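Numbering (my numbering), first residue to last: 31 to 213.
C-beta atoms are modelled at their ideal positions from N, C-alpha and C, and glycine is treated no differently.
Computed from a predicted model, the values in this text were never measured in an experiment.
Input: a single structure, listed below in structure tokens.
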């Protein structure tokens with residue numbers, strides 16, 4: 031299902047990343063000029079989380095900003111956990127950890143998070159969050175397998191699920207201590 035031929039456009043990369051195309055993840059892994067694109071995907075995905083929260087009744091700018099910020103920090107925490115667990119605790123013999131390569135692939139794995147904006151539709155916030163979170167988890171598994179040169183998908187699953195669990199815990203704690211009061 032590889033659609034990568036030569037160098038793809040940003041839109042083709044987004045579509046390929048969402049489609050879990052390993053060739054796209056390999057392409058962005060090796061393309062240092064894709065770092066800004068990956069960062070943009072993460073920022074837009076985080077903003078989409080904040081905007082999508084409006085569908086659950088969270089309408090203040092402060093709340094949308096807070097949710098967007100927590101989404102960004104959760105992604106950063108997840109990326110850090112993946113780096114530590116996947117690159118340091120559970121590497122395979124051929125694993126070479128390059129922070130830039132890992133961050134580029136993880137950034138593009140956030141592509142499904144752009145769809146969190148559909149949470150703005152009343153009643154769609156929870157389904158949009160759940161569907162995109164699971165889709166991003168699967169995309170991240172593909173990204174980690176490619177970036178860390180794993181031969182085992184199971185190893186990538188374990189790294190991502192452990193990292194995801196820790197990152198969500200961090201996001202929940204941030205929300206409990208620093209989030210807006212719910213009425």
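Going by DSSP, what residue range makes up the alpha helix (DSSP H) through residue i?
{"i": "residue 174", "result": "155 to 177"}
{"i": "residue 115", "result": "Counting along the chain, residue 115 falls outside any alpha helix (DSSP H), and DSSP gives it neither H nor E."}
{"i": "residue 147", "result": "Run containing residue 147: none; DSSP gives neither H nor E here."}
{"i": "residue 203", "result": "183 to 208"}
{"i": "residue 124", "result": "Neither: residue 124 is in no alpha helix (DSSP H) and is coded neither H nor E."}
Measuring CA to CA, which of the options is closest to residue i?
{"i": "residue 70", "options": "175, 168 and 137", "result": "137"}
{"i": "residue 184", "options": "161, 196 and 170", "result": "170"}
{"i": "residue 252", "options": "75, 77, 92 and 119", "result": "This structure cannot settle anything about residue 252, because the visible part of the chain is limited to 31 through 213."}
{"i": "residue 56", "options": "201, 133 and 203", "result": "133"}
Whole angstroms are fine: how far does the CA of residue j sit from the CA of residue i?
{"i": "residue 73", "j": "residue 62", "result": "18 Å"}
{"i": "residue 33", "j": "residue 53", "result": "In this predicted model, residue 33 has a pLDDT of only 48, less than 50, meaning its place in the structure is not dependable; the value taken from the coordinates is given anyway. Those two C-alpha atoms are separated by around 7 Å."}
{"i": "residue 198", "j": "residue 60", "result": "29 Å"}
{"i": "residue 39", "j": "residue 48", "result": "14 Å"}
{"i": "residue 208", "j": "residue 196", "result": "18 Å"}
{"i": "residue 189", "j": "residue 123", "result": "16 Å"}
{"i": "residue 90", "j": "residue 115", "result": "37 Å"}
{"i": "residue 46", "j": "residue 111", "result": "25 Å"}
Okay, do the region 139 to 150 and the region 167 to 182 touch, 3+ Cβ pairs below 8 Å being the bar?
-> Inter-segment contact for the region 139 to 150 and the region 167 to 182 is present: three or more beta-carbon pairs are separated by less than 8 Å.
Could you tell me whether the region 148 to 162 touches the region 75 to 94, where touching means 3 or more Cβ pairs closer than 8 Å?
-> A contact exists between the region 148 to 162 and the region 75 to 94.
Contact the region 89 to 100 vs the region 158 to 168: 3+ CB pairs below 8 Å = Flag = no, the region 89 to 100 and the region 158 to 168 do not touch.
Within the region 50 to 96, ranges of the alpha helix (DSSP H) (whole runs, at least 4 residues) | Listed in chain order, they are 52 to 60 and 65 to 82.
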